[in-house]
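Residue numbers (the working numbering): 217 to 431.
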């Protein structure tokens, strides 16, 4: 925790839930290890900048863009580097679990095409397809630094074989991530990716041991 910037340490101290606090500290520490590996610095200690919706970023002149998502004890990190125009990324992950209210949520927040698709498939497939659509939509909005309130129904992703057009004219490319657990994850990027690699799923202790080796 001592290696995190003061604003992140303060944010952790304000958390009353001990599990949420531990996850926040672990995720931010692992993220900074990964960013350090990407930049060749070993560990990224610089304070993040934050967009209007709270999306963290490195200083403007840095070509690296990143995002993270966690669901329970599972966390996913995305890092992208663009050679020319800045490629913004968003990632979302959700652990698989029974969701009896999936269709009610879909009717409230999803695009009409997505609702029609979900109602057309077998009932036993609705929960998994709902989750696939949800993480795709979340990843899209996180890529452009937008909040979910009032925007999820504005675009459709269930059959996204081409760039998804979001409200306001933004376009994102979607990629499904297979991370080897009962979960669903998606990556969105404001540019098509030339290369996509998915790292191994590792326990937090492995990354924290690496941090001790760096310190």
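Glycine included, every Cβ here is placed at the ideal spot set by N, Cα and C.
Spatially closest choice to residue i from the options, by CA coordinates
i, options, result
"residue 268", "363, 328, 237", "363"
"residue 264", "374, 283, 291", "283"
"residue 382", "256, 398, 361, 223", "361"
"residue 347", "286, 262, 374, 229", "374"
"residue 307", "405, 413, 376, 411", "405"
"residue 220", "408, 252, 233, 323", "252"
"residue 392", "384, 370, 353", "353"
"residue 274", "296, 287, 290", "296"
"residue 290", "298, 278, 303, 312", "312"
"residue 387", "257, 332, 357, 413", "357"
"residue 224", "272, 408, 397", "272"
"residue 303", "413, 415, 414, 409", "409"
"residue 266", "281, 245, 258", "281"
"residue 288", "235, 246, 394", "235"
"residue 394", "351, 367, 379", "351"
"residue 195", "335, 339, 333", "For residue 195 there is no data in the structure shown, the boundaries of the chain being 217 and 431."
"residue 396", "414, 384, 337, 385", "414"
"residue 270", "262, 222, 359", "359"
Limits of the unbroken alpha helix (DSSP H) element including residue i
i, result
"residue 390", "Taken as a continuous stretch (DSSP letters only), residue 390 belongs to no alpha helix (DSSP H), being part of the beta strand (DSSP E) at 387-393."
"residue 241", "234-255"
"residue 226", "222-229"
"residue 346", "339-359"
"residue 324", "318-325"
"residue 368", "Segment: none, residue 368 is in no alpha helix (DSSP H) and carries neither H nor E."
"residue 333", "328-336"
According to DSSP, residues forming a beta bridge with residue i
i, result
"residue 306", "404"
"residue 272", "266"
"residue 216", "One cannot answer for residue 216 here, as it falls past the ends of the chain, which runs 217 to 431."
"residue 399", "311"
"residue 286", "291"
"residue 380", "388"
Residue i vs residue j beta-carbon contact at 7 Å
i, j, result
"residue 432", "residue 318", "Since the first residue shown for the chain is 217 and the last is 431, residue 432 is missing from the structure and cannot be characterised."
"residue 292", "residue 305", "no"
"residue 329", "residue 372", "yes"
"residue 369", "residue 327", "yes"
"residue 254", "residue 240", "no"
"residue 331", "residue 324", "no"
"residue 403", "residue 294", "yes"
"residue 298", "residue 316", "no"
"residue 398", "residue 389", "no"
"residue 260", "residue 244", "no"
Contact with chain B by residue i, beta-carbon distance below 7 Å
i, result
"residue 391", "You won't find chain B in this structure, because it holds only one protein chain."
Heavy atom of the ligand MG within 6 Å of residue i beta-carbon
i, result
"residue 409", "The ligand MG is absent from the structure shown, which contains no ligand whatsoever."
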